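Step one of this worksheet: look at the structure below.
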Amino acid sequence: MRLLCALAIGSFALPLAAYATDPHSYAQPDQVRVTHLDLDLKIDFPHKQLDGVATLKLDWKDPKAQALVLDTRDLKIAKVEAVDGAGKASVLKYALAPADKQLGSKLTIQAPQHPAQVRIAYVTAPTASGLQWLAPAQTADKKAPFMFSQSESIHARSWVPLQDSPAIRFTYSAHVTAPKNVRVAMSALNDAKHALDGDFRFDQPHPIPSYLLAVAAGDIAVQETGPRSAVYAEPSVVGKAAKEFEDTEKLIAATEQLYGPYAWGRYDLLVLPPSFPFGGMENPNMTFATPTVLVGDKSLVSLVSHELAHSWSGNLVTSAAWRDIWLNEGFTTYVQGRITEAVYGKALADEEALLSARDLQKHIGEMPENSQKLAPEPHGVDADDTLSDVAYTKGSWFLRTLEQRFGRSTFDTYLKGYFAHFAFQSIDTEQMLEYLKANLFDKNPGKMDWAEVKAWVYEPGIPKNAPLPASPRFDAIDKERAGFLGGSLAADKLDAKGWNTQEWMYFLDGLPDAAPLDKLQQLDAAWHLTGTPNAEIGMRWYSHAIAAGDKAVWSAAAEHMTRIGRLYLTTPLYRAFVKTPEGLAYAEQVYAKARAGYHPMTQDAVQRIIDKAKHPAAKKPAK
Ligand SMILES: [Zn+2]
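According to the numbering used here, the sequence shown is numbered sequentially starting from 2.
Here you go:
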């Protein structure tokens, strides 16, 4: 997944002692494991629900096991049956526990006979946390409704009853019905030429963890971008998206050069409506992506590099629990940088690494100490909260450090071997470290102290000797910015004509938190930042202008906040507004209008920002 910010989506303390393995799942994989999911779904747009039948193939591990325990959230269970080898069904007793706010409802199915398969008929809630249902007006083309899932981290359980833990991998097949003229896509092999006949079948032959289960449906067109890649998007967007992502085959080939063959067959991309709460989601075979990266100059294509990289780091080698998510995101961010370097050059890769490293340096001290660790103590950690800058930026920084100390060619060989060794497995930090010690450190003694590794992984903060890439272009921007702020360089004399997105991001990131209003107004007059179609620049620009009290930008900022539901690009503006009473009142007005178009996760995040601003002293209810 691509976030690019330290999110605090939730903050629930978990009663941990009850769970031996993954604290974010009720599953008991030591007793029984799901090995295959056969899914039958009917997409019901008018009721905003999926009518589902999930048939789970089971591998019973413990002869004494009495029950199959599954994760669910807000599902209405209609029927549970055992299915024997001959296909004969018999009803099973089950109990759905009261909902836990974070984990959902534990579904306990009595199955002392250890059936080979269990079949569950169910219906999802219109408010399912892992689904968004968009009315035609909320799409780009405004003709047909649209729906999509976002399962990571623990939201698959809101649309399929299953063992919702990254430690458990299963293959899946699906039959999905939808209204005619709607295309259905899933995280499986998709047929671009499939007739829009309302009847789709999918097969994912590789075992995947539940958070990679994905579905989307709507008025979706397809355009090929290479021999094994295509872009899926609404008809008015697909051409622009195919142009922006025309290098996809180059990116795949560059990654294969580095880390071995792409294991999944096709690599397709689905561009979602702007309410998609994340940058991208690495759903196997079909990355889901935000349209905010379609800026016309490919400057934000590193999103594709990132999601593609997950085909090796994450989808191939997965963290076994959310506490270890840096094994997915840190490795992926590192690989992303290598792909960007191979296809677009070292300068851009270094700029992106520097931007995120500087941002982490600035903010890591504000986080609780436990959250500053790559492998935090799991107690009290919310699954969504583990997806923070620490996992992405500190994780990739650690890998860049290893690369620097051991040399690129040694480290490349090591990493290729690591991906091959753990392919299609879910592992934890300690397994990764054991492999690292035996295969990199012991074979290449004297390059790096093991104590440094422990500091990177288990200590808060960033090690003092962490290496940073050099960027002459960023150094030049530092000088320009200092000249502008100091008064020796007028805004219209800034050498910004050729700046790419990253360079504007860097310039704006480096302005003081409380920049003088007159300086910002000069900047806007010279460079027309208000109204920019580039949301990365807009997010930074409006944040500064709102903080400086520039009311002239408010309506343009509101337009940005209403149009874009991506958390990383929208929540900073709410945070900037709520700092003053007048801004808070305005933010509430904007939210009242924008809310219906937001994904449930974005609604939740914005509501928290507003609530916190209105009741700063409010304490969390005692548990
Ligand atoms: Zn990611």
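No residue lacks a Cβ here, since even glycine has one placed at the ideal position from N, Cα and C.
In this text, all values refer to a predicted model and were calculated from it rather than measured experimentally.
What residues match up with residue i in a beta bridge as DSSP calls it?
i           : result
residue 201 : 177
residue 269 : 287
residue 123 : 53 and 78
residue 428 : 320
residue 73  : 106
residue 37  : 58 and 172
residue 554 : According to DSSP, which records beta bridges pairwise, residue 554 is partnered with nothing at all.
residue 101 : 105
residue 233 : 223 and 271
In whole angstroms, what is the alpha-carbon distance linking residue i and residue j?
i           : j           : result
residue 172 : residue 112 : 22 Å
residue 2   : residue 281 : 5 Å
residue 21  : residue 427 : With a pLDDT of 49 at residue 21, under the threshold of 50, the modelled position of that residue is not reliable, and no figure is offered here.
residue 233 : residue 269 : 7 Å
residue 314 : residue 392 : 13 Å
residue 579 : residue 367 : 19 Å
residue 12  : residue 489 : Note that residue 12 scores 32 on pLDDT, short of 50, meaning its location in the model is unreliable and no value can be drawn from it.
residue 389 : residue 91  : 45 Å
residue 36  : residue 67  : 18 Å
residue 196 : residue 104 : 38 Å
residue 502 : residue 300 : 6 Å
residue 612 : residue 61  : 46 Å
residue 605 : residue 384 : 15 Å
residue 625 : residue 59  : The chain is shown only over 2 to 624; residue 625 falls outside these bounds and no answer can be derived.
residue 485 : residue 512 : 10 Å
residue 574 : residue 531 : 13 Å
residue 411 : residue 250 : 26 Å
residue 616 : residue 272 : 38 Å
residue 276 : residue 406 : 42 Å
residue 96  : residue 329 : 34 Å
residue 289 : residue 526 : 37 Å
residue 296 : residue 506 : 14 Å
residue 84  : residue 142 : 44 Å
residue 601 : residue 414 : 42 Å
residue 473 : residue 581 : 38 Å
residue 476 : residue 56  : 58 Å
With distance defined between alpha-carbon atoms, name the residue in the options nearest to residue i.
i           : options               : result
residue 73  : 108, 65 and 313       : 108
residue 369 : 218, 382 and 360      : 382
residue 42  : 140, 190 and 216      : 216
residue 548 : 563, 287 and 519      : 519
residue 163 : 360, 110 and 545      : 110
residue 131 : 137, 152 and 535      : 152
residue 139 : 24, 397, 565 and 581  : 565
residue 256 : 208, 225 and 333      : 333
residue 541 : 560, 529, 570 and 551 : 570
residue 286 : 186, 468 and 608      : 186
residue 100 : 263, 346 and 27       : 27
Is residue i helix, strand or coil by DSSP?
i           : result
residue 257 : helix
residue 13  : In this predicted model, residue 13 has a pLDDT of only 31, less than 50, meaning its place in the structure is not dependable; the value taken from the coordinates is given anyway. In the structure shown, residue 13 sits in coil (DSSP, three-state: anything other than H, G, I, E or B).
residue 592 : helix
residue 146 : coil
residue 22  : coil
residue 151 : coil
residue 59  : strand
residue 476 : helix
residue 43  : strand
residue 160 : coil
residue 518 : helix
residue 609 : helix
residue 166 : coil
residue 1   : Since the first residue shown for the chain is 2 and the last is 624, residue 1 is missing from the structure and cannot be characterised.
residue 567 : coil
residue 380 : coil
With the cut-off set at 8 Å, would you say residue i and residue j are in Cβ contact?
i           : j           : result
residue 307 : residue 258 : no
residue 183 : residue 53  : no
residue 75  : residue 32  : no
residue 374 : residue 460 : yes
residue 236 : residue 222 : yes
residue 284 : residue 357 : no
residue 25  : residue 155 : yes
residue 169 : residue 274 : no
residue 683 : residue 425 : The structure shown has nothing for residue 683, since the chain only spans 2 to 624.
residue 450 : residue 322 : no
residue 203 : residue 175 : yes
residue 355 : residue 468 : no
residue 124 : residue 79  : yes
At least one CB of chain B closer than 8 Å to the CB of residue i: is that the case?
i          : result
residue 92 : Of the protein chains in this structure there is only one, and it is not chain B.
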